Each structure stands twice: as C-alpha cells, then as structure tokens.
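Peer 1: Sharing a structure below in structure tokens format, with a few things to ask.
See the structure below:
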C-alpha cells in the first residue's frame, strides 16, 4: 500500500475513535530468512517520507514495547516461531540495489517494507497504541537473482487470525 496511503487510512481511523492498531503485512527479506517467517519489528529505519510529517526527524523510530510484548506472547501461545528485528521502511520501488541492501544489512535491517515507520509515527502523534508484525515474502538477499517465491501466500490467512487475537489482548 505504501507509507503515505497507509498513514492516511490510519489517520482517518484514529480520528473516528480507533485507539489500538495492530498491523500485519508482508516484507521482503534482505538476510537469509525463509519464506513465511514471522517478524516482529522493534525498530524501523525511516527511509520514507510520511513519518516525517508526524514526528521530528530521526534515523529510526522505536516501536512501543507494550504491543511488541503482546505480539510475542501471542506467537508463543500459538507455538509459532518468530524473529525480532529492525525493518527498513522505504517508499522507493525497485531501489533495493546491491550496495543499498549491503548498507541496510550493515545498519542492522533484516527486512524491507513500506509502511511500518509511517504507521508508528502517525499512531504516536495521534496517541494510539500501535504494533506490527510481518511475514516474509520475496527475497532481495541476492539482488542479481530476485526471488519472488510465493509472496508469503501461506501466511495471509494465519496473519489475519493472529492479528485479531493480538488486538483482543492489547491493552
């Protein structure tokens, strides 16, 4: 969906009274992670533009510990393995060049997606609780041999059910 559009939708939801948000989505892998691996981002590198309209400039946005804990507990309850990591939020399509992927890995990013930083910034600015989990889809680990895999199709329904369970348990 992208940072700007997702932040717009979230801004509208919050203005209508939404106070708890758990986002679920797919991500591309920069490191060697299998498809359909669940990821809990704890920090997002702000390489998109929308988050800067909500919060002062900074390289990263830390996600709130409360929702991270609820997400982790829910995965444990369902006996689902997961990885915590830093994600690279970008709004630039096809910009995962060999040098950029290498640079982001050096910065500690394991995955790339387009919404996390903007959603976290919007929620924080508006006073809503926000957490996110991702599932791995395509692989950008070798940019010369792009691997679409199956875009995490086996995780879509499971992610929806997990998201509802997490939301019910988020204070």
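In the numbering used here, the protein residues as written are 84 to 254.
C-beta atoms are modelled at their ideal positions from N, C-alpha and C, and glycine is treated no differently.
All of these numbers come straight from a predicted model, not from anything done at the bench.
Rounded to whole angstroms, what is the Cα-Cα separation between residue 155 and residue 123?
Peer 2: Between residue 155 and residue 123, the C-alpha separation is close to 8 Å.
Peer 1: Give, in chain order, every unbroken run of the alpha helix (DSSP H) that is at least 4 residues long and sits entirely within the stretch 163 to 221.
Peer 2: With a minimum length of 4 residues, the continuous alpha helix (DSSP H) runs that stay inside the stretch 163 to 221 are 181 to 189 and 199 to 209.
Peer 1: Tell me the rounded alpha-carbon separation between residue 249 and residue 215.
Peer 2: Between residue 249 and residue 215, the C-alpha separation is close to 10 Å.
Peer 1: State the start and end residues of the unbroken beta strand (DSSP E) segment that holds residue 145.
Peer 2: Counting along the chain, the beta strand (DSSP E) containing residue 145 begins and ends at 143 to 145.
Peer 1: Let me check understanding here. Comparing Cα to Cα, which of 218, 221 and 210 lies closest to residue 101?
Peer 2: The shortest Cα separation from residue 101 among 218, 221 and 210 belongs to 210.
Peer 1: Here's the rule: buried if 16 or more other CB atoms are within 10 angstroms of the residue's CB, otherwise exposed. What is residue 180?
Peer 2: The residue in question, residue 180, is exposed, as its Cβ has fewer than 16 Cβ neighbours within 10 Å.
Peer 1: Should residue 219 and residue 195 be called a contact, given that it needs their Cβ atoms to be closer than 8 Å?
Peer 2: Not closer than 8 Å, so no.
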